[in-house]
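One structure is given here, and the rest of the page talks about it.
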Amino acid sequence: MSLLLVFTSLPVSASEEDADRSADVQNTTIPVEEELIKEPENQRTDADILNGDDEKEVTDSIEDSGEVPDTSAADKETVQNNDDKAEKEIDIKEAEPDAEEAVEYNLSSDKIEVRFKDNQAEYEYTGAEVKPEIEVVATAEYFSDSEGPKSTEGALDEKESVIDASHYTIEYQNNIEAGEAAIVLTGKDEPKKEQGSPAEEDKKQEICTGIKTVKFTIVPVDINKCTLQAPKTADYTGKQVKPKVTLTHQEKQLVSGKDYKLTYSNNKKIGTAAIKIDGAGNFKGTKTIEFKIKFGTPVVKTSSDYSKIKLKWQKVKDAAGYVVYRSSSQNGKFKKVKTYKSGSSTSYTDKKVKFGKTYHYKVRAYKKVKVKVKKKTKTKQEYGSYSAIASVKTKLSAVSIKSAKCASETTAKVSWKSVSGAQGYEIYKSEAKDGAYTYAGKVSGGGKVSYTAKKLKTGVTYYFKVKAYRKSGLKKYYGAFSATKKETFTDGQRLYSLFPNGVPTKKAEMEQYLVTITVPIKDADGVPSTMQLRVHKNLTKNFMKAFQDMYAAGFPVRAEDTDTYNWRSMASGRNRSHHSYGCVVDLNWNSNPMIGVTEGEYKPGVDPYSVTTEVVAIWKKHGFYWGGAWKSSKDYMHFTYTNH
912 MSLLLVFTSL PVSASEEDAD RSADVQNTTI PVEEELIKEP ENQRTDADIL NGDDEKEVTD
972 SIEDSGEVPD TSAADKETVQ NNDDKAEKEI DIKEAEPDAE EAVEYNLSSD KIEVRFKDNQ
1032 AEYEYTGAEV KPEIEVVATA EYFSDSEGPK STEGALDEKE SVIDASHYTI EYQNNIEAGE
1092 AAIVLTGKDE PKKEQGSPAE EDKKQEICTG IKTVKFTIVP VDINKCTLQA PKTADYTGKQ
1152 VKPKVTLTHQ EKQLVSGKDY KLTYSNNKKI GTAAIKIDGA GNFKGTKTIE FKIKFGTPVV
1212 KTSSDYSKIK LKWQKVKDAA GYVVYRSSSQ NGKFKKVKTY KSGSSTSYTD KKVKFGKTYH
1272 YKVRAYKKVK VKVKKKTKTK QEYGSYSAIA SVKTKLSAVS IKSAKCASET TAKVSWKSVS
1332 GAQGYEIYKS EAKDGAYTYA GKVSGGGKVS YTAKKLKTGV TYYFKVKAYR KSGLKKYYGA
1392 FSATKKETFT DGQRLYSLFP NGVPTKKAEM EQYLVTITVP IKDADGVPST MQLRVHKNLT
1452 KNFMKAFQDM YAAGFPVRAE DTDTYNWRSM ASGRNRSHHS YGCVVDLNWN SNPMIGVTEG
1512 EYKPGVDPYS VTTEVVAIWK KHGFYWGGAW KSSKDYMHFT YTNH
């Protein structure tokens, strides 16, 4: 930026020589660089001139000499001018700035480099995306090259420049699996406009265009860096033994065949075998481990009741027999209690036990091998490893419930199989299968195998559990609970579910459960109408749907010989008819008689109002039983929710 200094007048000198110099430089314009303007020491400043300090200096000079100089007319004019306040105009004009040109970086240029901040181009596989940190640099060569940006005064300072990341996007490609990966950088800006364009982009300091791709490598992980889990021993089977191997890397389990391959050797006979692990895919390198193949070890399972304990195990390959050991303490001394001389013997029953006590067992197999002793061949027993210790307590077996049946509105009968050694049983009930079970009662005597639970809630389905007990001294020992058994109902007992507070015994009590519904019907000619019926309120939908389906199917109904609720006893007088409970319908009774099994056979379809198989299917669909299917008698008009 240049400055122009314009002087329009200079201060008056006291001598002609000063006047002459003044005349030479008066009204002269002197261009200077702003940074080169310096004020010499003792030189009067523009401010001194404008403040009248110049006049003071002249007066002081005259007074010091005591003389008044003889001045010419020109001098007098100058003095006169100086008497007026000296003027000086300093015009500082700033050159108009050129519009700042945008610096354009073309990523496609070879002179723009992508550098990894960690100064490496290889990264180890992690199982996740590998995203190296980078920076994009315009090299000094880029600025001096013809394709680089230029200023109005020539090339920019030849130094490297880091391009701000806000001017380009970064896309990583193939950056998970081992192999070659890539970073693609794309400039986010539009190319620079032609000169003279009014676009706002011309005011940017940087513009980044083009595309650049840089490669880096993801290298496989050495298999030896992975966590390995493999057994140190394995049982002899007579076949190739291939124990399971597990490899993990950064808490992720490797996949056999994809991440590594296993090669087994010497793995068929008793002795030392080897597993060679070769990395594959994202893993590299080789690792070899060894394991011992030993004579087979039995896996023991146990069961018990109050007077005996039974052990079972699987057959061990090539075993000549087994030895069973027992201890009264898990960490105590084990004594041999049984030796089997056959490899096919795979169970042992211990009857020398006391009720309520815990015993501990282990088993090992042996085989016969030939050895030479003093040039003679002898046979000796070679033993395998001991099984894991099996601890088991003499106890009562779990009860097995045979049935739990509703016996009445408020009772249910539970039956089960007897348990050996039991002296009694306790019964528990719940209103939900997985709910809380409460004590229902007990029976004494191991031979008693049923119990009737009382004071049950009407309309509730119960679940039952039973366990056996036996006393020893002052202590009572229990067997395990039986599996849960759900209460079952006969078809007739469905009545109880309709009355949670008990089945009504008086007509007045029944009224609270009845509602009146209006159902659609049509006659044999297809003429539609409606009729009203009184039914149990909980069966409203069942009745409505059945009549609607019959109407849609075109089955005719006569209102005068069709009814539901009727408070009455059965013909025998022993029980109340289920008509009394609003859960039965008699349909077109004059066309659908009730007959005994010996009174003949009814043939539906003769009368248009007689029940058809389609009508039977409709009522069955909505939860009703047909009296025409009964065995003792046939009531073809009768459809009942309780099958009574």
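Taking our numbering, I'd label the letters of the sequence shown as residues 912 to 1555.
Even glycine gets a Cβ: it sits at the ideal position worked out from N, Cα and C.
Review point. Helix, strand or coil: how does DSSP classify Arg-1405 here?
Key: helix
Exercise for review: Could you check the C-alpha separation between Lys-1226 and Ala-1184 for me, to the nearest Å?
Suggested key: 23 Å
Exercise for review: Give the DSSP-derived three-state secondary structure of Asp-1170 in the structure shown.
Suggested key: coil
Check your understanding: How about the region 1324-1338 and the region 1417-1424: do they share at least three Cβ pairs that are nearer than 8 Å?
Key -> no
**Study point:** Thr-1363 versus Lys-1382, Cys-1317, Asp-1436, Ala-1343, residue with shortest Cα-Cα distance
**Key:** Cys-1317
Review point. So, using beta-carbon positions, are His-1533 and Ala-1457 closer together than 7 Å?
Key: yes
Exercise for review: Determine the DSSP secondary structure at Gln-1459, reduced to helix, strand or coil.
Suggested key: helix
Practice item. Excluding the 5 residues preceding and the 5 following Tyr-1217 in the sequence, name in chain order all residues of the same chain whose CB lies nearer than 7 Å to its CB. Key: Phe-1266, Thr-1305, Lys-1306, Leu-1307, Ser-1331, Gly-1332, Arg-1381
Point to revise | Cβ-based neighbour list, Trp-1224, same chain, cut-off 8 Å, excluding 5 preceding and 5 following | key: Pro-1209, Val-1210, Val-1211, Lys-1212, Tyr-1233, Thr-1257, Ser-1258, Val-1274, Ser-1298
Exercise for review: Please list, in chain order, all residues of the same chain as Thr-1260 whose beta carbon is under 8 Å from its beta carbon, the five residues on each side excluded.
Suggested key: Lys-1219, Ile-1220, Lys-1221, Leu-1222
Review point. When the Cα atoms are used, what is the spatial distance from Val-1025 to Val-1048?
Key: 6 Å
Review point. If you drop the 5 nearest sequence neighbours on each side, which residues of the same chain put their C-beta closer than 6 Å to that of Gly-1121?
Key: Asn-1017, Leu-1018, Ser-1019, Gly-1098
Exercise for review: Starting from the Cα of Ser-1329, find the closest Cα among Ser-1314, Lys-1359, Ser-1491 and give me that residue.
Suggested key: Lys-1359
Exercise for review: For the region 1339-1349 and the region 1427-1439, state whether three or more C-beta atom pairs, one from each stretch, are separated by less than 8 Å.
Suggested key: no
Exercise for review: Report the rounded CA-to-CA distance for Lys-1126 versus Val-1041, giving the unit in angstroms.
Suggested key: 12 Å
Exercise for review: Below 6 Å CB to CB, which residues in the same chain sit around Ile-1181 once its five sequence neighbours on both sides are set aside?
Suggested key: Tyr-1147, Ile-1204
Practice item. Go ahead and label Leu-1385 buried or exposed: buried means 16 or more other beta carbons lie within 10 angstroms of its beta carbon, across all protein chains shown. Key: exposed
Check your understanding: Are the region 1446-1463 and the region 1536-1545 touching, with three or more C-beta to C-beta distances below 8 Å?
Key -> no
Check your understanding: Using the C-alpha atoms, what's the distance from Arg-1405 back to Tyr-1492?
Key -> 12 Å
Review point. Taking the Cβ atom as the reference point for each residue, do Ala-1391 and Ala-1463 lie within a distance shorter than 7 Å?
Key: no
Check your understanding: Is the beta carbon of Glu-1082 sitting closer than 7 Å to the one on Val-1095?
Key -> yes
**Study point:** Other residues of its chain near Val-1496: CB distance less than 6 Å, five sequence neighbours each side excluded
**Key:** Thr-1475, Phe-1550
Practice item. Could you give the DSSP three-state label for Trp-1541: helix, strand or coil? Key: coil
**Study point:** Per-residue DSSP class, three states only, for Glu-1015
**Key:** strand
Review point. Which residues in the same chain have their Cβ closer than 6 Å to the Cβ of Leu-1067, if we skip the five residues on either side of it in sequence?
Key: Unreliable placement is indicated for Leu-1067, whose pLDDT of 43 sits below 50; the coordinate value is still reported in the next sentence. Once the five neighbours on either side are set aside, the close Cβ partners of Leu-1067 are Phe-1054.
Check your understanding: Got a sec? Which residues, its chain only, sit under 6 Å from Ser-1502 by beta carbon, not counting five neighbours each side?
Key -> Asp-1518, Tyr-1520, Ser-1521
Review point. So, Glu-1398 versus Ala-1315, is the Cβ gap smaller than 7 Å?
Key: yes
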